[in-house]
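First residue of the sequence shown? That's -9 in the numbering used here, and the numbers climb one at a time after it. Cβ coordinates follow ideal geometry from the N, Cα and C atoms, glycine included.
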Amino acid sequence: MTELLSLKEALDLYQTQYSQVDKLWSYFSTFTLAVLGFTIGSEKATKSMKEVSTIVCGYLVFCAGNFSALFLGQQQLNDFANIAMTAAISQGYKLDSLKPSSLFSIGFFYWCVVTAVCIGVIFIASKRQQAAGKS
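This is the structure:
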């Protein structure tokens, strides 16, 4: 009974950490969509490169903090997955599907999205400024 309880506890730890990491992804996606929505929806936001620089810098500061928390959370998730798999194996169970994404793939995807958003904001601003200059 003690071994079964330790497997259950290990899976509970994993599930709790998974939920925490999922919340960090939700914050990131919400903030990213807000930045894009604000940039696309408000011509005042892209009136000059000063506004654009402020938006991009603010977004990058948020992303740096969010990624720091996300990276640590994902690291803990990987550790808890290993604990759960070890507990399962010791009891004769196989948890092949319990494989969280690697830290490299998480980081690569995250910063590719951040880069695309920053380029998009700058592109939208430059197109609007060019169109305003031609008017």
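Where K13 sits in the DSSP three-state scheme: Residue numbering aside, residue 13 sits at position 23 when the sequence shown is read from its first letter. DSSP places K13 in helix when its eight states are reduced to three.
8 Å Cβ cutoff met for I112 and V42: The residue labelled residue 112 in the question sits at position 122 within the sequence shown. The residue labelled residue 42 in the question sits at position 52 within the sequence shown. A contact, by the Cβ cut-off of 8 Å.
Y100: first and last residue of the uninterrupted alpha helix (DSSP H) it sits in: By one-based count along the sequence shown, residue 100 stands at place 110. Here the alpha helix (DSSP H) through Y100 covers L93 to K124.
The stretch 21 to 35 contacting the stretch 74 to 90, beta-carbon criterion three pairs below 8 Å: no
CB-CB length for Q7 against G97, believed under 8 Å: The count along the sequence shown starts at 1 and reaches residue 7 at position 17. The count along the sequence shown starts at 1 and reaches residue 97 at position 107. Wrong, their Cβ atoms sit about 18 Å apart, outside the cutoff.
Sub-8 Å separation of V11 and L88 beta-carbons: The sequence position of residue 11 within the sequence shown is 21, counting from 1. The sequence position of residue 88 within the sequence shown is 98, counting from 1. No, Cβ-Cβ distance for V11 and L88 is not below 8 Å.
Spatial distance of T20 from V103 (CA atoms): The sequence position of residue 20 within the sequence shown is 30, counting from 1. The sequence position of residue 103 within the sequence shown is 113, counting from 1. Cα to Cα, T20 sits roughly 13 Å from V103.
Rounded distance between the beta-carbons of T29 and I114, thought under 8 Å: Position 124 of the sequence shown, counted from the start, is the residue given in the question as residue 114. Position 39 of the sequence shown, counted from the start, is the residue given in the question as residue 29. 6 Å between Cβ atoms; contact.
Residue from T22, S95 and A71 whose Cα sits closest to the Cα of E(-1): By 1-based counting over the sequence shown, the position of residue -1 is 9. Taking only the C-alpha atoms, the option nearest E(-1) is A71.
Nonlocal neighbours in the same chain, by C-beta distance under 6 Å from N68, ignoring five residues either side: Along the sequence shown, one-based indexing puts residue 68 at 78. Once the five neighbours on either side are set aside, the close Cβ partners of N68 are P90.
Top-ranked residue by Cα proximity to L23, from F94, Y4 and C53: What you label residue 23 is simply residue 33 of the sequence shown in a count that begins at 1. Considering only alpha carbons, the answer is C53.
Opening and closing residue of the alpha helix (DSSP H) in which T76 lies: Sequence index remark: in the sequence shown, residue 76 carries index 86 (1-based). That run of the alpha helix (DSSP H) goes M39 to S80.
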